Amino acid sequence: MIKYGITEMDYISAKDPVMKELVAHFGHMGGGERKDVFASLVSSIVGQMLSNKVADVIDGRLRQMVGDYTPELILQKSVEEIKGCGMSQRKAEYIRGLAADVLDGKYDFILLQDMNDEEVVKYLMQIRGVGRWTAEMIAEFTLGRLNIFSFDDVALQNGIKKAHGYKTLSKQRFERLRKKYSPFASVASLYYYAINDEK
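Now the structure itself:
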């Protein structure tokens, strides 16, 4: 989760009057402990193209079957057993393949600490089943990177449109906002998510 404080809140508030209102309305959005990259990747693959509710059910079944999400425990289960939790054959293969690759040393997530944001995203996108959006979400919410602002994130786009009253959102307009909030664009995204979720 993203860890931030008054410095970041003041910075993004000063950059945009709409953001200033959002920060005043929602206050500090909290921030929890950072999670394990492997476990986050497994959950992300499980949840791709699914509603949060359905993803949580399947994720819960898989956790119940394997216990903690570690490469060793995942590899104790077959693709068919993983698939039996309610996911597609392809997702089950991605998850088991990721576990095997991590144990074989193909991926070492400790290396991510010394990479910049774009390097992290590109490194994670080498993994089968991980696209740009998934990689950006891992960078933001698992690694706690403070300057992620994903154009591929529908919830973020919807939050921006709702907050600013835009009917459409071009890539150019999105990029202007990202640059405006840099180097704390991740923090700004939290407030757009919040307004998107607000009924």
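Start counting the sequence shown at 1; every next residue gets the next number (the UniProt record's numbering).
Even for Gly, the Cβ is constructed at its ideal location relative to N, Cα and C.
All figures in this text were calculated on a predicted structure; none of them were measured in a lab.
Residue i versus the options, residue with shortest Cα-Cα distance
{"i": "residue 97", "options": "38, 139 and 133", "result": "38"}
{"i": "residue 51", "options": "169, 132 and 87", "result": "87"}
{"i": "residue 48", "options": "166, 158, 133 and 157", "result": "133"}
{"i": "residue 92", "options": "128, 113 and 68", "result": "128"}
C-beta contact flag for residue i and residue j at 9 Å
{"i": "residue 74", "j": "residue 99", "result": "yes"}
{"i": "residue 94", "j": "residue 58", "result": "no"}
{"i": "residue 181", "j": "residue 159", "result": "no"}
DSSP three-state assignment for residue i, whether helix, strand or coil
{"i": "residue 169", "result": "coil"}
{"i": "residue 196", "result": "helix"}
{"i": "residue 126", "result": "coil"}
{"i": "residue 86", "result": "coil"}
{"i": "residue 4", "result": "coil"}
{"i": "residue 71", "result": "helix"}
Alpha carbon of residue i to alpha carbon of residue j, nearest angstrom
{"i": "residue 178", "j": "residue 185", "result": "6 Å"}
{"i": "residue 164", "j": "residue 18", "result": "7 Å"}
{"i": "residue 145", "j": "residue 107", "result": "19 Å"}
{"i": "residue 41", "j": "residue 130", "result": "8 Å"}
{"i": "residue 161", "j": "residue 173", "result": "11 Å"}
{"i": "residue 171", "j": "residue 89", "result": "34 Å"}
{"i": "residue 119", "j": "residue 151", "result": "17 Å"}
For this session: Evaluate contact between the segment 11 to 31 and the segment 69 to 89, counting only Cβ atoms and requiring at least three cross-stretch pairs below 8 Å.
Result: no
Exercise. Looking at C-beta atoms only, is the number of pairs between the segment 134 to 145 and the segment 106 to 126 that lie closer than 8 Å three or more?
Worked result: yes
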